[in-house]
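Participant:
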Amino acid sequence: MTTTSHEGRTTAADSLAISSGADLARLEELTASMGLDDDLVEPYGRGVGTIDLAAIERLADRPRAKYVLVTAITPTPLGEGKTTTVVGLGQGMRHTGRRGVVAVRQPSLGPSLGIKGGGAGGGYSQVVPMDRLNLHLTGDLHAVAAAHNQLAAMIDNHLHRGSPSGLDPEQVTWRRTMDVNDRSLRQIVTGLGPTVNGPVRQSGFEITAASEIMAALSLSTSLRDLRKRMGRIVVGRTRDGEPVTAEDIKAAGAMTVLLREAIRPNLMQTLERTPALVHCGPFGNIATGNSSIVADLIGSRCGDYLITEAGFSADMGAERFFNIKCRISGLTPDVAVVVATVRALKVHSGRHRVVAGKPLPEEMTAERPEEVRLGAENLRAQLRIIRRHGVTPVVAVNAFPTDYDSEHRAIAEVAAEEGARCALSTHFSDGGAGAAELADAVAEAAEEDSEFQFLYRDETPLREKIETIATEVYGADGVDFSAAAERELERFIAEGHGRLPVCVAKTHLSLSADPTLPGAPTGWRLPVREVRLSAGAGFIYLICGTMQTMPGLGSAPAAESIDIDDDGNIVGLF
Numbered sequence: 057m058t059t060t061s062h063e064g065r066t067t068a069a070d071s072l073a074i075s076s077g078a079d080l081a082r083l084e085e086l087t088a089s090m091g092l093d094d095d096l097v098e099p100y101g102r103g104v105g106t107i108d109l110a111a112i113e114r115l116a117d118r119p120r121a122k123y124v125l126v127t128a129i130t131p132t133p134l135g136e137g138k139t140t141t142v143v144g145l146g147q148g149m150r151h152t153g154r155r156g157v158v159a160v161r162q163p164s165l166g167p168s169l170g171i172k173g174g175g176a177g178g179g180y181s182q183v184v185p186m187d188r189l190n191l192h193l194t195g196d197l198h199a200v201a202a203a204h205n206q207l208a209a210m211i212d213n214h215l216h217r218g219s220p221s222g223l224d225p226e227q228v229t230w231r232r233t234m235d236v237n238d239r240s241l242r243q244i245v246t247g248l249g250p251t252v253n254g255p256v257r258q259s260g261f262e263i264t265a266a267s268e269i270m271a272a273l274s275l276s277t278s279l280r281d282l283r284k285r286m287g288r289i290v291v292g293r294t295r296d297g298e299p300v301t302a303e304d305i306k307a308a309g310a311m312t313v314l315l316r317e318a319i320r321p322n323l324m325q326t327l328e329r330t331p332a333l334v335h336c337g338p339f340g341n342i343a344t345g346n347s348s349i350v351a352d353l354i355g356s357r358c359g360d361y362l363i364t365e366a367g368f369s370a371d372m373g374a375e376r377f378f379n380i381k382c383r384i385s386g387l388t389p390d391v392a393v394v395v396a397t398v399r400a401l402k403v404h405s406g407r408h409r410v411v412a413g414k415p416l417p418e419e420m421t422a423e424r425p426e427e428v429r430l431g432a433e434n435l436r437a438q439l440r441i442i443r444r445h446g447v448t449p450v451v452a453v454n455a456f457p458t459d460y461d462s463e464h465r466a467i468a469e470v471a472a473e474e475g476a477r478c479a480l481s482t483h484f485s486d487g488g489a490g491a492a493e494l495a496d497a498v499a500e501a502a503e504e505d506s507e508f509q510f511l512y513r514d515e516t517p518l519r520e521k522i523e524t525i526a527t528e529v530y531g532a533d534g535v536d537f538s539a540a541a542e543r544e545l546e547r548f549i550a551e552g553h554g555r556l557p558v559c560v561a562k563t564h565l566s567l568s569a570d571p572t573l574p575g576a577p578t579g580w581r582l583p584v585r586e587v588r589l590s591a592g593a594g595f596i597y598l599i600c601g602t603m604q605t606m607p608g609l610g611s612a613p614a615a616e617s618i619d620i621d622d623d624g625n626i627v628g629l630f
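Quick note: the sequence shown uses my numbering, first residue 57, plus one each step.
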């Protein structure tokens, strides 16, 4: 068995203790290392600042950093360590004498207080202070919720005042939001009681990360662009089927005002003082699952390497990063790191099943490189997705203490067969030193000539865009649209939205739309149940299967273990 350690050896309490004991650089030191003028950064408590968007123009003449995306194979419900790899790689760059900048999403309170835990990384590969990062930070998510709910309030007031726009109460699509998991609010009825309480209608809540405003904020390139996106949000339709927007009900201006500070990226640091830009957290299933464009525009001028992540696996987060985020930002990636674990590849062999909150099956800890090779069909598929976009891939093996050297060799052999570099990484337990090999591999790959290409053109017919994603990325035989999806698709095309990129909302636990199918399934078709418009964010999204935009709490949510001691110290957070 390998002697390397990993996240399974460090507990949640250890990660919080490590963060609490971190020797933080002063904000002035961080800004100096990035070449940011002091007037561009506003302090926000210990170890946190926000960056003025004026930095984008002021830094425009500087050389652009190598742009590194971190994605993964199809994960187990436990996750395979993308965030820890992003942070570890950033620290690894520093450890090997290179200047790295990290850009990650801002965690939602939903997973932080639910089953998954926070999104700060962990062990010796985390953004600190982790409690600040996982709990409120600078209030960006609450600003998104305020803007979202302000629009909801103005919609109901608009209806109460006679609906001057002709908005049909039965065709309002805008719901409400809050940043905690609460299944009881998925479907509600508003306006009960006297008529002064507004019209009675069915509505519901979604978690803030699933708000279209969060997606629009993450894809905005400036405050002016954000204002336009707020105005384009479609909140419902008239009885004649005409769209009604936030601009039509005069809500977009106030919404943008509430987001005026939230559009500024947050500046933090890793345990080894690598600058970390933390901004936005759009839902990984129904939206892009990437951090913000403005953070990348700034970070790409502040170091030698800008390292960011995309939610879930290459078929989901990376595909959206390439075809939605890069299309808007104009930035193109030089390298894509694909995180793989022995655990996940054994699951993709089809011989094991992992359940969140339960111990791994004992047989999974046996030395079985043949299972790793069998499950590596998923890794091969993910690498081909990266290659399809003209980007150089690097496989990062996130090492676990239950792994065997023979299993690591099996992954390296598969990577070599696919023409990809491969590096073992122990960043969780060893910090930047444990990611030095990965940093060298990424730096080497970044020097290769790349020919980035989108999967489809803007003018490609919408139906063809969907077919291309299904067949060339997921490996499906084709697409089956429900009757309702067909009608919605034709409506959006007729309204002039056919040039928008496409986001497919499907399970993240399989390359297919069926979470029970491991590996790289074949002989299936993508079932599209609904087609929805996210006009403010600027994409069409498809509902394939059942996607809950308001998660529920598990039988033992993380919130049960979180507390505070007499000295005000947080305990139990992970």
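C-beta: ideal position from N, C-alpha, C; glycine also. In this text the structure is predicted, and so the values were computed from the model without any measurement.
#1: Using DSSP's beta-bridge definition, name the partner residues of Asp461.
#2: Leaving aside the five residues before and after Arg65 along the sequence, list all residues of the same chain whose C-beta is less than 8 Å from its C-beta, in chain order.
#3: Determine, using beta carbons only, whether Gly446 and Ala121 come nearer to each other than 9 Å.
#4: Relative to the alpha-carbon of Ile342, which residue among Cys600, Gly610, Ser617 and Val290 has its alpha-carbon at the smallest distance?
#5: DSSP three-state label for Gly105, please.
#6: What is the DSSP secondary structure of Asp224, counted as helix, strand or coil?
#7: Three-state secondary structure (DSSP) at Asp619?
#8: Touching or not, the stretch 180-189 and the stretch 485-494, by the rule of three or more beta carbon pairs under 8 Å?
#9: Would you mind stating whether Val395 and Ala176 have Cβ atoms separated by less than 9 Å?
#10: Check whether the Cβ atoms of Leu598 and Ala532 sit closer than 9 Å, and answer yes or no.
#11: Compute the Euclidean distance between the alpha carbons of Arg585 and Val158, then round it to the nearest angstrom.
#12: Using a Cβ-Cβ cutoff of less than 8 Å, which residues in the same chain neighbour Arg316 once the five nearest sequence positions on both sides are dropped?
#13: Would you decide whether Pro119 is buried or exposed? Buried here means 16 or more other CB atoms lie within 10 Å of its CB.
#14: Across which residues does DSSP place Tyr512 in a beta bridge pair?
#15: Once DSSP output is grouped into helix, strand and coil, what is the label at Ile289?
#16: Which residues mark the beginning and the end of the alpha helix (DSSP H) in which Phe548 is found?
#17: Identify the continuous beta strand (DSSP E) that holds Met324 and give its terminal residues.
#18: Rounding to the nearest angstrom, what Cα-Cα distance links Thr301 and Gly105 in this structure?
#19: Measuring CB to CB, does Ala392 end up less than 9 Å from Leu145?
#20: How many angstroms separate the CA atom of Ser505 from the CA atom of Pro389?
#21: Within a Cβ cutoff of 7 Å, which residues of the same chain sit near Leu589, ignoring the five residues on either side of it in sequence?
#22: Do you know whose CA, among Glu113, Gln206, Leu565 and Ala73, lies nearest Phe368's CA?
#23: Helix, strand or coil: which one does DSSP assign to Glu504?
#24: DSSP state of Thr246, grouped into three classes?
#25: I believe Arg383 touches Phe261 by the beta-carbon criterion, under 8 Å. Please report the beta-carbon distance rounded to the nearest angstrom.
#26: What residue does the alpha helix (DSSP H) around Asn213 start on, and which one ends it?
#27: Measure the Cβ-Cβ separation of Val334 and Asn322 and say whether it is below 9 Å.
#28: Let me confirm a value: Gln243 is counted as buried when at least 16 other C-beta atoms fall within 10 Å, else exposed. Which label applies?
#29: Going by DSSP, which residues form a beta bridge with Phe595?
#30: Residue range of the alpha helix (DSSP H) that Met90 falls in?
#31: Taking Leu273 as the reference, which of Asp196, Val252, Val256 and Asn213 has the closest Cα?
Facilitator: Put simply:
#1: Note: Asp461 sits in no beta bridge, so no partner.
#2: Residue placement at Arg65 is poorly supported in this model, since its pLDDT is 49, which falls under 50; the coordinates are not used for a value here.
#3: No.
#4: It is Cys600 whose Cα lies nearest to the Cα of Ile342.
#5: Shown here, Gly105 sits in a strand according to DSSP, grouped into three states.
#6: Three-state result, Asp224: strand.
#7: If DSSP states are grouped into helix, strand and coil, Asp619 belongs with the strands.
#8: Contact between the stretch 180-189 and the stretch 485-494 is present, with at least three C-beta pairs closer than 8 Å.
#9: Result no, Cβ atoms of Val395 and Ala176 do not sit closer than 9 Å.
#10: When the beta-carbon positions are compared, Leu598 and Ala532 stay at least 9 Å from each other.
#11: Taking the straight line joining both Cα atoms gives about 37 Å.
#12: Cβ within range, chain order: Leu279.
#13: Counting every other CB atom within 10 Å of its CB across the protein chains shown gives Pro119 a total below 16, marking it as exposed.
#14: Tyr512 pairs with nothing; no bridge assigned.
#15: Coil, per DSSP.
#16: From DSSP, the alpha helix (DSSP H) with Phe548 extends over Ala539 to Ala550.
#17: Unbroken beta strand (DSSP E) run through Met324: Asn322 to Thr326.
#18: Approximately 34 Å, taken between the alpha carbons.
#19: Result no, Cβ atoms of Ala392 and Leu145 do not sit closer than 9 Å.
#20: Inspection of the sequence shows that residue 505 is occupied by Asp rather than by Ser. Linking Asp505 to Pro389 through their CA atoms gives a straight-line distance of about 11 Å.
#21: The answer, listed in chain order, is Val290, Phe548, His553 and Ile596.
#22: The residue with the shortest Cα to Cα distance from Phe368 is Leu565.
#23: Residue state, collapsed to three classes: coil.
#24: Thr246: strand per DSSP, three-state reduction.
#25: With 8 Å as the limit, Arg383 and Phe261 do not qualify as a contact, their Cβ atoms being about 31 Å apart.
#26: Asp196 to His216 is the extent of the alpha helix (DSSP H) around Asn213.
#27: Yes, they are a contact pair.
#28: By the neighbour-count rule (16 or more Cβ atoms within 10 Å), Gln243 is not buried but exposed.
#29: According to DSSP, which records beta bridges pairwise, Phe595 is partnered with Ser590.
#30: Leu83 to Met90 is the extent of the alpha helix (DSSP H) around Met90.
#31: Nearest to Leu273 by alpha-carbon distance, out of Asp196, Val252, Val256 and Asn213, is Asp196.
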